[in-house]
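Inspection log for the structure reproduced underneath, given as structure tokens.
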Amino acid sequence: MTSTDFSAAPPAHAARIRTFHPRRGRMSDRQRDALARLWPAYGLEIDDLDGPCDPTALFGRRAPLVLEIGSGMGDATAAMAAADPDRHYLAVEVHTPGIANLLELVERHDLDNVRVAKGDALDLVRAMPEGCLDAVHVFFPDPWPKARHHKRRIIQPAHVALLRSRLAPGGTLHCATDWAEYAEAMRETLAADPGLVDVHGGYAPRPAHRPVTKFERQALTAGREIFDLIHRRR
2 MTSTDFSAAP
12 PAHAARIRTF
22 HPRRGRMSDR
32 QRDALARLWP
42 AYGLEIDDLD
52 GPCDPTALFG
62 RRAPLVLEIG
72 SGMGDATAAM
82 AAADPDRHYL
92 AVEVHTPGIA
102 NLLELVERHD
112 LDNVRVAKGD
122 ALDLVRAMPE
132 GCLDAVHVFF
142 PDPWPKARHH
152 KRRIIQPAHV
162 ALLRSRLAPG
172 GTLHCATDWA
182 EYAEAMRETL
192 AADPGLVDVH
202 GGYAPRPAHR
212 PVTKFERQAL
222 TAGREIFDLI
232 HRRR
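In structure tokens form, the structure reads like this:
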């Protein structure tokens with residue numbers, strides 16, 4: 002059987018399909034200062050990668066690595082990293098104020114196990130070696146609710162296969178959403194991947210290790226249910 006080279010660059014038409022909205026936002030003086038001071042030490046510009054991404058070199062030491070795709074304002078990433086010092090956390094975000102806020106949290110809580118990447122998470126994953134990740138977290142990604150935009154969803158078969166290829170055997174892919182239709186599409190897509198095992202046989206109980214974010218509280222206040230899905234690589 003011919004294997005798929007997930008590290009190869011996508012075709013030109015695929016590269017133009019983004020799974021995220023580039024967003025603008027104002028930064029506070031505090032965030033602007035944190036970004037200027039801390040980005041050189043903790044930041045990675047994905048578009049500047051000109052070869053493979055070596056996680057060990059990025060952190061300066063070897064440890065199990067968690068990839069956070071879409072870290073938002075960084076509160077959940079910082080909380081998980083603080084509670085889990087024996088693993089590294091690489092957060093990927095495109096929203097500059099969110100990146101700056103996470104950098105400030107990294108400094109405030111002295112988190113030496115966090116790095117922050119700016120850009121397309123899938124481009125970063127393609128540059129990573131197979132089997133290098135202990136976990137991938139995809140919490141509350143853009144649901145792209147219109148049918149014509151479903152091709153932009155990050156949880157779809159080709160992307161799941163790519164993410165799974167970077168997980169070590171036994172590593173976990175944990176997704177969460179407050180969008181019921183997307184949750185069902187996620188469940189079907191993850192269940193169809195032959196290299197993944199559904200840990201809970203469907204939607205998972207809310208894991209204690211995933212902090213409640215401001216976004217999640219707003220969803221709950223609005224009456225939306227939260228769906229977690231946790232799959233393990235065979």
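In my numbering, the protein residues as written are 2 to 235. Glycine residues also receive a C-beta, built at the ideal position from the N, C-alpha and C atoms.
### Query
Which class does GLU108 belong to by DSSP, given the choice of helix, strand or coil?
helix
### Query
By a C-beta neighbour count over all protein chains shown, 10 Å radius and 16 as the cutoff for buried, is LEU221 buried or exposed?
exposed
### Task
Determine the direct distance from the alpha carbon of PRO212 to that of GLU108, and round the result to whole angstroms.
19 Å
### Query
What residues in its chain sit with their C-beta under 7 Å from that of PRO53, if we drop five residues either side in the sequence?
ALA128, PRO130
### Spatial neighbours of GLN32 in its chain, beta-carbon cut-off 7 Å, leaving aside the 5 residues before and after
PRO98, ALA101, ASN102, GLU105
### Task
Determine which residues share a DSSP beta bridge with THR173 and list them.
ALA136, ARG233
### Task
Just the C-alpha distance for ALA169 and GLY196, rounded to the nearest angstrom, thanks.
11 Å
### Query
What's the gap between the Cα of PRO206 and the Cα of ASP113?
30 Å
### Message
By the three-class DSSP mapping on this structure, what secondary structure does SER4 have?
### Response
At SER4, the pLDDT of 36 sits below 50, so the modelled position is not reliable; the number obtained from the coordinates is stated separately. In this structure, SER4 counts as coil in the three-state DSSP scheme.
### Query
Shortest alpha-carbon distance to GLY171 belongs to which of ALA136, PRO56, ILE155, ASP49?
ALA136
### Task
Assign SER29 to buried or exposed, taking buried as 16 or more other Cβ atoms, counted over all protein chains shown, within 10 Å of its Cβ.
exposed
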